[in-house]
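For the sequence shown, the UniProt record's numbering begins at 1 and goes up steadily by one.
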Amino acid sequence: MSDAWLDLALVRARMNGPDEDALRSSFKHDNEAHAATLLALDDAERVGLLTRSKGGYAGGAFQRALNQLSVAWLKTRPRDAIVLFDALLQVKNHDLATYCNALWAVQDDNTHLGKDPARARTYFAACLPHGPENPAIFFNAACVALELDDLDAALGFVKDAVRFGYDGREKMRTAFRAEAFFAKIRDDRRFFDALDDRGPQGVALVERVIAKVQEKGWPAVGIEAAKKKKKDAWPKHDKDFRPLSPEVLGALTLPNGAPLPQSLRTWLAFDAQWLAALGWFELTPAFRWTSRSLEAIAKDEFGDMGEPSSDPEPDAEVAKSWADFFAVPAMEHGFLVPGGSEHRRVWMLSKEPDCEGDYPILYIDIDDVPSLGPMYPGFDVWLAQEANVIGIRYETYSSGFDDFRFASRLRHHARTMCDGAMYVQCPGMVLGVSTPDDGVAVLLDRDDWFERLVALRASLLPDDDAPIRGASAEDLAWLQAHLGAPLPPAVVRFYERVNGLSWGMFRFLSIDEIRDRAAQESFFGETSPPSVPFAVLVTQPKGADRFVLLSEEGIVDGYRFAYDDLSLASPKLSIEGTIEILRHAALFAGVEEDDEEGEDGEDEGDED
């Protein structure tokens with residue numbers, strides 16, 4: 001079959017016919033002759049070819065080719081790129097970057113094609129609905145609105161970019177301050193305030209969700225009306241809302257006796273049936289909480305690790321349950337929520353709610369190593385994300401810690417439930433009942449921890465007998481004043497006895513070393529040190545690991561700095577974990593574990 005894209009008449013002859021699929025699949029985006037023929041078609045013909053394309057990967061090849069071509073032409077042939085965007089925006093496009101690129105192309109500042117308010121409004125209508133999935137769309141929309149001198153619309157788009165978790169927030173701030181394009185808003189405080197606005201939380205956030213569900217119905221949170229009209233089916237229709245009675249709601253407390261979070265109270269006043277269907281409580285014959293321990297939830301969701309033998313020996317061990325890894329006595333009252341595939345999400349009560357009176361949604365995961373950690377700071381934020389009222393850009397379970405809107409609440413839950421860490425592996429062992437004392441482990445909560453540390457050093461490094469001294473009260477007071485907030489108890493307990501210590505590859509820095517700002521900053525290498533007060537406590541000069549204290553919002557938290565990344569970590573576990581490595585005597589004695597001696601007992605040397 002001849003190459004139809006070399007002949008405009010032949011392309012038109014094959015459109016709407018049995019050879020149209022072959023016509024689409026034969027288009028090559030890097031063939032200049034093919035591109036010329038495509039541009040010679042009118043807009044309706046291009047849209048028709050895109051619209052009639054079959055689904056699936058193969059069926060989307062033509063659209064992908066046009067996406068690639070539009071990007072290639074953005075800066076070199078912007079007028080032709082606009083022709084393609086005009087067609088691409090009239091069909092559903094799975095490449096969300098297309099919507100972002102289209103709004104870039106319609107900016108006169110980028111393409112110098114002149115302002116085109118009518119086309120800009122058309123592009124807004126096509127692109128903005130996809131902004132929650134790709135918030136960069138909102139930033140480009142703000143730029144287009146500024147060009148059209150619609151500052152209020154531009155401000156709204158900036159707010160939407162922040163609301164849906166745009167990760168270029170600091171890029172926006174820098175651009176507002178430095179680039180000539182943004183001169184008209186440089187003195188408009190509203191734009192900078194929008195970048196720092198944490199948005200509604202708690203009750204205000206739940207009220208936004210309720211307003212959306214009232215307007216859109218249950219599909220707004222992914223619930224479809226019951227197709228079979230059974231007597232007890234729910235919801236019977238999209239707006240079948242069943243609130244908890246004011247009498248019950250007024251007297252309600254959580255199953256641990258704590259007050260009901262106002263966010264949850266607000267939701268239950270709107271509807272109680274959804275959470276009842278999720279297994280949070282029973283409504284009849286009377287209201288009754290049906291919370292479960294984290295261990296029970298893990299047992300029900302993940303089951304056993306393996307089945308026991310059908311004919312076991314008398315002493316054969318029964319199948320171990322994944323639940324054993326999540327046996328944390330403090331996590332007694334949990335409620336499963338939708339979401340996750342290999343992991344599960346659990347609203348878990350703790351001993352201390354956050355500033356909104358709420359408790360975290362934890363993730364629990366058994367992939368690779370069983371682990372858990374705070375994923376959402378509260379019922380309010382999880383619900384809002386479900387309803388697409390806000391967005392958090394989740395690349396990992398812990399991505400919420402990087403979102404300035406919710407970081408402080410998540411750090412609170414990490415301190416309360418995970419001993420100050422962003423996540424905990426094998427939580428049943430780390431957060432569960434205390435492990436038996438083996439007489440050697442150096443645990444900071446034991447009265448004899450220092451004596452054990454000294455004995456461990458003596459046994460592994462007998463030639464190192466330098467005295468270990470503690471920090472003075474003045475030193476500790478300086479460190480606290482430097483950070484501007486109370487020190488974690490484990491840090492105080494450690495420095496009272498150990499103020500600087502070198503052991504093999506690890507160094508516990510003294511407070512005098514912390515005072516040396518230049519030396520502290522040098523530990524970050526090419527990475528910029530934090531802008532907030534910080535102190536590097538533990539370092540591995542030949543490796544990537546550092547342990548850092550950071551002071552934010554009146555709280556000092558521990559962070560592990562490795563490979564240019566700061567991750568929330570427990571100060572206690574970080575200090576203890578570093579000491580625990582001392583058990584590996586060969587490492588700290590400078591002997592590689594895989595070194596072998598020669599037959600005569602002498603080390604084998606390298607050949608010259």
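In this text, a Cβ means the ideal position worked out from N, Cα and C, and glycines have one as well.
I'd like the list of long-range same chain contacts for residue i, defined as Cβ closer than 6 Å, with 5 residues on each side in sequence excluded.
i    : result
S293 : E332
G257 : none
D545 : A562
V344 : What sits at residue 344 in the sequence shown is Arg, not Val. These residues qualify, in order along the chain: E301, I364.
E496 : G470
E295 : A323, F326, A327
M417 : S350
Q425 : V369, S371
A142 : A154, F157, V158
Give me the DSSP bridge partner(s) of residue i.
i    : result
V346 : L336, L362
D304 : S321
R190 : The partner list for R190 (beta bridge, DSSP) is empty, contrary to what the question assumes.
T539 : R507, R546
S293 : Answer is none; S293 lacks a bridge partner.
L501 : F508
F561 : R546, L566
I555 : E552
R288 : E282
P486 : According to DSSP, P486 bridges with nothing at all.
F124 : F124 is not bridged to any residue.
F534 : L550
P259 : T253
Report yes if the CB atom of residue i is closer than 8 Å to the CB atom of residue j, and no otherwise.
i    : j    : result
P488 : G357 : no
W234 : A277 : yes
S263 : F379 : yes
V440 : L456 : yes
P360 : P377 : yes
A72  : F27  : no
G222 : K239 : no
V91  : T51  : yes
L155 : R190 : yes
G279 : L362 : no
V532 : L509 : no
L549 : V556 : yes
L573 : Y559 : no
K212 : A226 : no
H130 : L96  : yes
L74  : A35  : no
H94  : G48  : no
V519 : E513 : As written in the sequence, residue 519 is Ala, which differs from the Val given in the question. Yes. Within cutoff.
Counting only the same chain and skipping the five closest in sequence on each side, list residues whose C-beta sits under 8 Å from that of residue i.
i    : result
E313 : Summary for E313: the model assigns pLDDT 49, below 50, so the residue's position carries little reliability; its value from the coordinates is reported in the next sentence. There are no such residues.
W322 : A298, K299, F302, G303, D304, M305, I366, P370
F139 : F157, V158, A161, Y166, G168, M172
A9   : none
A175 : F181, F182
D606 : With a pLDDT of only 42 at D606, under the threshold of 50, the placement of this residue in the model should not be trusted; the figure read from the coordinates follows. Same-chain partners within the cutoff: there are none.
P486 : Q480, V556
Take residue i and list the residues in its own chain whose beta-carbon comes closer than 7 Å to its own, dropping the five residues that flank it on each side.
i    : result
P110 : Inspection of the sequence shows that residue 110 is occupied by Asn rather than by Pro. If we look at N110 and ignore the five residues flanking it on each side, its Cβ neighbours are W104.
G428 : D324, F325, F326, A327, V328
D108 : G114, K115, E147
L483 : P533, A535, L549, S551, V556
R14  : A4, E20, L23
L453 : V442, I579
R242 : D271, A272, Q273
Does residue i come out as helix, strand or coil in the three-state DSSP assignment?
i    : result
D3   : coil
G428 : helix
I581 : helix
W234 : coil
T253 : strand
V440 : coil
G156 : helix
G373 : strand
V91  : coil
V106 : coil
F176 : helix
Would you verify that the beta carbon of residue i is, or is not, closer than 8 Å to some beta carbon of chain D?
i  : result
W5 : Absence of chain D from the displayed structure is noted, only one protein chain being present.
Check your understanding: On the three-pair Cβ rule with 8 Å, is the region 142-160 touching the region 103-123?
Key -> yes
Exercise for review: Decide if the region 428-448 is in contact with the region 384-400; the criterion is three or more beta carbon pairs, one per stretch, under 8 Å apart.
Suggested key: no
Exercise for review: Could you tell me whether the region 127-138 touches the region 152-166, where touching means 3 or more Cβ pairs closer than 8 Å?
Suggested key: yes
Review point. Looking at C-beta atoms only, is the number of pairs between the region 205-215 and the region 178-197 that lie closer than 8 Å three or more?
Key: no
Exercise for review: Pair every Cβ in the region 267-277 with every Cβ in the region 236-256, then say whether three or more of these pairs are closer than 8 Å.
Suggested key: yes
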